[in-house]
Amino acid sequence: MIRATRTSLAFSLVCSLSFACLAGPLSPPLGPVASTSKPLAEIEPRTAVNATNTPGDTTAVHVISQPGSYYLTSNITGISARAGIRITASNVDLDLNGFTLTGVTGATQGISLATGSSRVQIRNGKITNFPSHGITSINCPSFSVSDVVCEFNGANGFDLGDGATAERCSARNNTAIGIRLGAGSLAKDCTTITNATGIELNTLSRAINCTVYTNTTRGILANGNDTTIESNAILSSAANAVGILVNGSRTVVRNNSVNGTSVSGQIGLSVAASSSNNVIADNLIRNHDTDGNHVISASSFGNQISLIITQTPETLNFPCSARLAGTILSSSSPGGIIIASDGVTVDLAGQELVGSGISGTGITSTGARRNVSVRNGAVRGFSSGGINLASCIAPQVINISASANTGTGITTNGGSIINCTANANTANGISAGDNALVSNCVASSNTSDNLVVGQSCNVQDCIANASTTGFGINASFLFNTISRCTTNANALSGIRAQQRTRIHDCTSQNNTQNGIHITFGGSVERSSITNNLNHGILMDAGGGVIIRDNTVSENGNNTTQASGLRVINAGLCRIEGNAFTANYRNIEVVSAANLIIKNTSTAPGAGNHLSIGASNSYGPFVNVSGVGDISATPNANHPQANLLY
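Residue 445 in our numbering sits at position 435 of the sequence shown, with consecutive numbering throughout.
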């Protein structure tokens with residue numbers, strides 16, 4: 011037991027001596043105790059803007075003359091004849107730290123940069139009431155400002171030089187320009203409110219995604235070449251204000267929304283005469299003074315302009331493509347859309363242009379315009395017609411519905427009318443003039459003629475039904491072709507054709523007058539003419555017509571006593587290979603000097619098979635009714651025989 015106690019004491023003594031050796035001396039060294047805290051420069055590595063760190067001079071309340079990072083610790087009030095802060099060094103970062111610089115009478119700028127200062131950043135504060143600019147950085151490359159408000163200053167809010175960037179800044183109620191950008195500068199996500207001009211761009215500068223609100227003279231001014239104005243929202247409220255003014259060349263204006271308040275003189279987008287080769291696309295511009303959404307000088311050339319039409323009247327006096335933003339109700343004279351330039355395409359984009367009954371023509375043109383196209387939508391309810399491009403040279407009208415207009419639905423003088431409908435208009439449905447292609451169109455229930463062409467036209471695959479007082483198709487002049495068309499239930503003849511018109515593979519039925527009325531040469535071939543109240547085919551002037559391989563049935567009745575075919579005052583016609591069935595009278599040739607061969611006639615009505623006048627030439631008329639095998643019937647096998655049965 012004694013032995014164990016001695017061992018324990020020895021071990022404790024060794025441990026105590028070891029601890030003492032590790033802990034060092036117990037008494038502190040002589041002299042002051044050194045601090046273990048970090049220096050202030052490491053805790054806040056920036057310099058406060060104050061009288062000690064940034065003393066002022068005769069030019070500014072505070073002058074930053076050394077590179078570094080600076081911040082405000084309080085608001086700053088200006089002094090007469092001085093700027094609030096002047097930066098003379100490069101590589102400066104200035105954080106306004108949420109504080110405000112406030113000017114006084116006689117002061118100069120809020121913050122100014124000396125010429126040659128570069129790579130300067132300013133952020134996060136407000137500059138107000140300085141008699142000159144809020145911030146100016148002329149001749150200071152690589153300057154940037156963000157999250158700063160400049161308001162109620164006596165000149166520009168932000169007067170930025172070349173190569174500057176302004177992001178998320180606001181310029182409000184400044185006397186001149188909200189944000190002025192030098193060459194190669196950028197304003198992005200900024201707001202300008204109630205300045206004279208919201209944003210001014212110079213060469214190669216850009217304004218992107220900015221809000222430009224109620225500036226009194228101009229929203230955005232492109233005052234140099236190669237600028238970009240994109241995805242901005244602009245509102246003008248003052249009289250004679252311009253939303254976007256392009257005063258340079260090669261400017262891109264795209265995807266902007268520009269609104270007015272319809273007061274006197276407001277213009278949405280204006281391109282000056284000296285400006286050329288601009289790209290203007292997909293801007294939504296509306297509610298400006300009458301016809302003031304787009305004003306583009308005729309002297310401006312080489313532009314690529316794609317417009318969105320939001321209201322009418324709209325005059326397009328410059329080459330462009332334009333499309334409707336949606337259905338538009340036109341309620342004021344002179345009407346809807348006026349095309350006053352060559353090279354205009356109007357795309358209704360599947361929407362309707364609607365008249366109020368007192369609003370002129372839906373779409374019209376002035377002068378001999380070339381390369382004009384209207385397509386893809388509906389025009390209805392206008393007091394002076396739906397579409398009238400009669401003054402244009404070879405226009406295109408494609409995929410258009412023109413209905414319920416007072417006047418003609420679609421009028422051209424040549425060109426192409428393709429895949430269109432014209433219904434219930436109070437004059438003609440479609441009037442195509444000379445040298446026109448009318449293809450795959452439907453014209454129905456129009457008051458006058460459903461479809462009218464001049465001369466040398468091609469009408470194909472069209473339907474013309476139920477004209478209330480006129481013809482289905484009226485081709486009154488020379489050298490037209492009408493093919494694969496259908497006319498039904500028109501007040502006058504289904505097809506009226508004169509002067510060497512060729513009609514083939516058509517159907518004309520149930521018309522109140524004739525199925526086909528043709529004069530002065532031409533032809534009717536491979537067509538079906540059925541159940542018309544008057545004659546199936548009538549030739550009554552001029553002669554020289556070929557009537558071949560048609561099916562003519564059930565025309566005329568006991569009241570009209572009409573014929574499947576009637577030829578009067580028309581010689582030199584060739585009537586060949588037609589099938590006449592159940593007409594009141596199947597064939598009636600009153601005139602002389604016609605040739606009648608290879609036709610069949612069956613089941614005439616109360617009339618008879620035929621009535622042939624003197625001095626005509628014809629194959630033998632052979633009645634083979636009920637004879638069975640006709641080979642033994644005299645002349646039945648004659649190569650020119652006309653068979654009656």
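Yeah, the Cβ is synthetic: ideal placement off N, Cα and C, and Gly gets one too. Given the structure is predicted, the values throughout are model-derived calculations rather than measurements.
DSSP-derived helix/strand/coil call for residue i
i    : result
A442 : coil
L32  : In this prediction, L32 has a pLDDT of 41, which is less than 50 and means its spatial position is unreliable; nothing more can be read from the coordinates.
I89  : coil
I492 : strand
S331 : strand
A642 : helix
F168 : strand
I12  : Bear in mind that the predicted position of I12 carries a pLDDT of just 40, short of 50, making it too unreliable to give a figure here.
T138 : strand
Y655 : coil
T185 : coil
H545 : coil
Q508 : strand
A474 : strand
V273 : coil
G636 : coil
I526 : strand
Boundaries of the beta strand (DSSP E) in which residue i is found, first to last residue
i    : result
L605 : L605 to I607
Y223 : T221 to Y223
H619 : Here H619 belongs to no beta strand (DSSP E), and DSSP marks it neither H nor E.
Y594 : Where Y594 is concerned, there is no enclosing beta strand (DSSP E), given that its DSSP letter is neither H nor E.
L575 : S573 to V577
R253 : Strictly speaking, residue 253 in this sequence is Gly, with Arg absent from that position. Run containing G253: V252 to V256, per the beta strand (DSSP E) assignment.
F631 : F631 to N633
L363 : E362 to G365
E564 : No beta strand (DSSP E) contains E564, which DSSP labels as neither H nor E.
L111 : T110 to T112
Q76  : Q76 -> no beta strand (DSSP E), and no H or E assigned at all.
Q406 : Q406 to S413
Distance, residue j Cα to residue i Cα
i    : j    : result
V252 : K198 : 21 Å
F481 : C402 : 26 Å
G34  : R56  : Residue confidence is low: G34 scores 47 on pLDDT, short of 50, so the model does not pin down where it sits. Its coordinate-derived value is still stated next. So the two alpha carbons sit approximately 41 Å from each other.
I277 : I420 : 31 Å
G229 : A332 : 23 Å
I597 : S563 : 11 Å
L654 : N618 : 10 Å
I315 : G387 : 21 Å
V356 : D169 : 41 Å
S79  : G113 : 24 Å
S142 : Q119 : 5 Å
S286 : L363 : 31 Å
S635 : S454 : 42 Å
L191 : L211 : 5 Å
S241 : V263 : 9 Å
I640 : V534 : 29 Å
R296 : P329 : 20 Å
F140 : I348 : 49 Å
I483 : V222 : 55 Å
Identity of the residue in the options nearest residue i by Cα
i    : options                   : result
S486 : G336, I528, H514 and V600 : I528
S274 : V262, N398 and A249       : A249
F489 : T479, N652, N468 and A291 : N468
A359 : V389, S267 and S79        : V389
N588 : R558, N456, Q406 and P614 : R558
S147 : G171, V159 and I132       : G171
D550 : V599, E535 and S538       : V599
T431 : T418, F109, I410 and S537 : I410
T300 : A378, V637 and T322       : T322
S343 : T374, T83 and N139        : T374
N381 : L399, S285, P405 and I368 : P405
S351 : G336, F311 and Q361       : F311
L196 : I209, N184, N205 and I203 : I209
S518 : R510, A507, L502 and N498 : N498
G367 : A400, T376, N435 and L317 : N435
S267 : I244, L255 and S280       : I244
S341 : T371, L326, Q361 and V452 : T371
N101 : L111, S154 and G88        : S154
T511 : G553, I132, H545 and A378 : G553
Near the ligand FMN: residue i beta-carbon under 7 Å from a heavy atom
i    : result
T422 : Among the components modelled here there is no ligand, and therefore nothing to report on the ligand FMN.
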